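Trainee: Residue 255 is where the sequence shown ends in my numbering, and the numbering goes up by one at each step.
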Amino acid sequence: MGEPWPLLKQWVAQRGSSWGTWMMYGHRMKEPTWFLLFLQFSNVFFLIFGPLMMFLMHPYAQKRTWAVYAISVLFMVIGLFSMYFHMTLSFVGQLLDEISILWLLASGYSVWMPRCYFPKFIKGSRYYFSCLVITTTIISTFLTTSNGDLRHLIEISVILWAAALTSWISDRVLCSFWQQIHFFYLHSIWHVLISLTFPYGIVTMALVDAKYEMPGQTLKVHYWPRDSWFIGLPYVEIQDNDKSC
11 MGEPWPLLKQ WVAQRGSSWG TWMMYGHRMK EPTWFLLFLQ FSNVFFLIFG PLMMFLMHPY
71 AQKRTWAVYA ISVLFMVIGL FSMYFHMTLS FVGQLLDEIS ILWLLASGYS VWMPRCYFPK
131 FIKGSRYYFS CLVITTTIIS TFLTTSNGDL RHLIEISVIL WAAALTSWIS DRVLCSFWQQ
191 IHFFYLHSIW HVLISLTFPY GIVTMALVDA KYEMPGQTLK VHYWPRDSWF IGLPYVEIQD
251 NDKSC
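(1) Does the beta-carbon of G30 have 16 or more other beta-carbons within 10 angstroms, so that it is buried, or is it exposed?
(2) Counting only the same chain and skipping the five closest in sequence on each side, list residues whose C-beta sits under 8 Å from that of A80.
(3) Could you tell me which residues DSSP pairs with W104 in its beta bridges?
(4) Are S92 and N53 close, meaning C-beta to C-beta below 7 Å?
(5) Three-state secondary structure (DSSP) at H197?
(6) Pairs of beta-carbons, one from the region 203 to 223 and one from the region 239 to 249, closer than 8 Å: are there three or more?
(7) Skipping 5 residues on each side, what residues in its chain have a beta carbon closer than 8 Å to that of Y70?
(8) Quick one: residues in its chain with C-beta nearer than 7 Å to the C-beta of W171, no 5 flanking neighbours on either side, listed in chain order?
(9) For the alpha helix (DSSP H) that contains H96, what are its first and last residues?
(10) Just to confirm before moving on: does the CB-CB distance between S120 and S135 stay below 7 Å?
(11) Mind checking whether D159 and V231 have CB atoms under 7 Å apart?
(12) Can you tell me where the alpha helix (DSSP H) with K73 in it begins and where it stops?
(13) Closest to I166 by CA distance: which of T214, I191 and L142 is it?
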């Protein structure tokens, strides 16, 4: 017996998604267009229930933690990414959909995991437990790509963002302290660091975009002024895969 839904399988593969993801829907795929349209609009409930739960859980959030709002926002983000995935059937859409679910689960564990189940070295601190969960989730997010260049760009971007935000927050919160020691440059440092994240963001998106818009070419990442430096301005060179010697 031949493979089921050969045209659908080819259609899904062209968009970079996983055929296994869609096998569960096979028995309902009488008309792919209408089925995907239904999947898109069914995600509207995420956008309705998210704000509604923020309103209904407001008394609880005031007494317990404002992180409940963040969980509701992540719930809505899942709906948006799921809608995008089912509209495009792209690998990027599938990745965003699954990563947003990962972050929602991590947030839920951080907020509601009973203290009696915390690792002993955490010593009952929910703050440290949340940091542990978030760190693990960040690492898991990075591991979703096997592209070494892309992973390096993401890592440097995160470091720059963290350093920039630290400078900005420190400048705002500890302003009097910095004035006492006559150090007035934190906001300037924020400008420099945040400007450095711009080229990293551009090159990161260029690498992701090339997978779909430039399938016959390879983008090689280089750094100015030298590739050997830990940090520099990233840029890409285009190499043709079908180029013959």
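Cβ coordinates follow ideal geometry from the N, Cα and C atoms, glycine included.
Small disclaimer: the values here were computed from a predicted structure and weren't measured.
Mentor: In this structure, then:
(1) Taking the first residue of the sequence shown as position 1, residue 30 is located at position 20. With a pLDDT of only 46 at G30, under the threshold of 50, the placement of this residue in the model should not be trusted; the figure read from the coordinates follows. By the 10 Å Cβ count, G30 comes out exposed.
(2) If you number the sequence shown from 1, residue 80 lands on position 70. Counting only Cβ-Cβ distances below 8 Å, and skipping sequence neighbours, we find S117.
(3) Within the sequence shown, numbered from 1, the residue matching residue 104 stands at position 94. The sequence given here places Gln at residue 104; Trp does not occur at that position. According to DSSP, which records beta bridges pairwise, Q104 is partnered with nothing at all.
(4) Taking the first residue of the sequence shown as 1, we reach residue 92 at position 82. Taking the first residue of the sequence shown as 1, we reach residue 53 at position 43. Inclusion of S92 and N53 in the CB contact set at 7 Å is warranted, their separation being smaller than that value.
(5) To locate residue 197, count along the sequence shown from 1; it is residue 187. Correct three-state label for H197: helix.
(6) yes
(7) Position 60 of the sequence shown, counting from 1, holds the residue named residue 70. Hits under 8 Å: V78.
(8) Walking along the sequence shown from the start, residue 171 turns up at place 161. Excluding sequence neighbours, W171 sits near T207.
(9) Along the sequence shown, read from residue 1 onward, the residue named residue 96 stands at position 86. H96 -> alpha helix (DSSP H) spans A77 to T98.
(10) Within the sequence shown, the letter at position 110 stands for residue 120. Within the sequence shown, the letter at position 125 stands for residue 135. No. Outside cutoff.
(11) On the sequence shown, residue 159 is found 149 positions in, with the first residue counted as 1. On the sequence shown, residue 231 is found 221 positions in, with the first residue counted as 1. Judged by their CB atoms, D159 and V231 are nearer to each other than the 7 Å cut-off.
(12) Translated into positions along the sequence shown, residue 73 becomes position 63. Here the alpha helix (DSSP H) through K73 covers H68 to K73.
(13) Walking along the sequence shown from the start, residue 166 turns up at place 156. Closest option to I166, judged by alpha-carbon separation, among T214, I191 and L142: T214.
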